[in-house]
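First comes the structure, then the notes that go with it.
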Amino acid sequence: PYEVLVVGSGPAGAAASIYTARKGIRTGLVGERFGGQVLDTMAIENFVSVSYTEGPRFADSLKEHVGQYDVDVVTGPAATELVPADTEGGYHTVRFGGAELQARSVVLATGARWRHMGVPGEEEYRNKGVTFCPHCDGPLFKGKRIAVIGGGNSGVEAAIDLAGVVGHVTLIEFLDEMRADQVLQDKLRSLPNVDVILSARTTEVVGDGKQVTGLRYEDRASGEARELQLEGIFVQIGLLPNTEWLKGAVELTDRGEVVVDAMGRTSVPGVLGAGDCTTVPYKQIVVAQGAGATAALSAFDHLIRTSAP
Ligand code: FAD
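For the sequence shown, full-length UniProt numbering begins at 211 and goes up steadily by one.
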């Protein structure tokens, strides 16, 4: 068995495993894809101290850095169940289908995935105008026309944020009203370069083969098909945490996020959470890595305060 088992090998899991290995703790790191969501992005310009890198290159550096330590890395298996220890300081079990691993402390770092619109053109033009991250990609659309899909808090926050960077924002909401907090809606409506379209069902991302050129939608009230000319589409219809496998084992919010405190502790002693799969506000690489370090130090704290059975 391990002393610490980190599940999920994105930025949060990589940081956690480096921190525990540096304390001489026997550490395992198991994840489906080494690098996580970073693999799906191109330009990264906000990883502080690195002014520009690209997703796959960043994932390679994560792997190389982890490789400098005595960490057992297994890439491929997906965790399917967590069985918490039945005694204080005891071994937790993580199941991967038929196989299982045990550790006195487990760091949950399985990240999240953006919900997609599921319309033609969305995948084809991903990173060619279709994007999911306003903090990351806003500056790429300086002065241009863009749409934000989704009128919840994240969509409206994104639209307010982007209105200060891009030329024009159209916010598209499926329902006949936005669900964002009123104060955010009021702020949005006060901006001169923003239009809001309600009751609109997006139907297709249109492009010229290289880049996005427009967005088709259906006006749900009249049934009419409409098209907007624009260069960017920010999809903000939800971030889904990869925590289905944790139901019943640790406390999750109604959105499925692992509930963690400031030390990364979950509802189960010795089980920590880090990064996008948790309630940590703001889903970003530097934030996830900081949380990974916090969770690792809290795992160490758990190990020195309890004894193995
Ligand atoms: P993830 O990166 O999601 O990694 C989790 C890992 O766990 C994945 O490898 C996943 O496959 C694995 N996993 C999931 N379920 C299981 C399971 N059951 N068992 C085992 N493994 C599992 N942030 C920035 O700061 N700057 C940017 O420029 C930026 N650009 C982005 C662009 C895109 C297109 C996207 C999608 C995100 C971007 N982000 C950016 C956000 C950033 O990628 C995330 O905040 C960060 O990757 C979160 O790290 P994480 O380790 O918590 O989770």
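Ideal Cβ positions, reconstructed from N, Cα and C, are used throughout, including at glycine.
- Item | Integer Cβ distance of residue 398 from residue 369, believed to fall under 8 Å | 6 Å
>> Can you look up residue 476 in the DSSP assignment and give me helix, strand or coil?
In response: coil
_Outcome for residue 403 when other beta-carbon atoms lying within 10 angstroms are tallied against a minimum of 16_ = exposed
Cβ-Cβ separation, residue 341 to residue 444 (assumed contact under 8 Å), whole Å:
6 Å
Quiz item: Tell me the DSSP bridge mates of residue 358?
Solution: 381 and 444
| task | Just mark residue 457 as buried or exposed, buried being the case when its beta carbon has 16 or more other beta carbons within 10 Å. | result | exposed
* To do: Express the C-alpha separation of residue 333 and residue 418 in angstroms, rounding to a whole number.
  => 14 Å
Open item on the list: Pull the bridge partners of residue 439 from the DSSP assignment, please.
Closed with: 424
query = So, are the CB atoms of residue 317 and residue 303 less than 8 Å apart?
reply = no
Is residue 364 a contact residue of ligand 1, with contact defined as CB to any heavy atom under 7 Å? no
Original post:
Quick one: Cα of residue 499 to Cα of residue 225, how far?
Top reply: 5 Å
*asked:* Using the Cβ count rule (16 or more neighbours within 10 Å means buried), how would you classify residue 464?
replied: exposed
- Nonlocal neighbours in the same chain, by C-beta distance under 6 Å from residue 338, ignoring five residues either side: 421
Assess, as a yes-or-no matter, whether the region 351-371 is touched by the region 474-486 under the definition of 3 or more beta carbon pairs within less than 8 Å.
no
So what does DSSP say about residue 247, is it helix, strand or coil? helix
| message | I'd like to check one pair, residue 235 with residue 495: are the Cβ atoms closer than 8 Å? | response | no
Looking only at its chain, what residues have a beta carbon closer than 7 Å to the beta carbon of residue 266, apart from the 5 residues adjacent to it on each side?
249
With DSSP run on the structure shown, which of helix, strand or coil describes residue 291? strand
* **Outcome for residue 514 when other beta-carbon atoms lying within 10 angstroms are tallied against a minimum of 16** => exposed
- Query: Residue range of the alpha helix (DSSP H) that residue 456 falls in?
  - Reply: No alpha helix (DSSP H) contains residue 456, which DSSP labels as neither H nor E.
inquiry  = For a test of your reading of the model: does the CB of residue 211 fall under 7 Å from any non-hydrogen atom of ligand 1? Yes or no.
reply    = no
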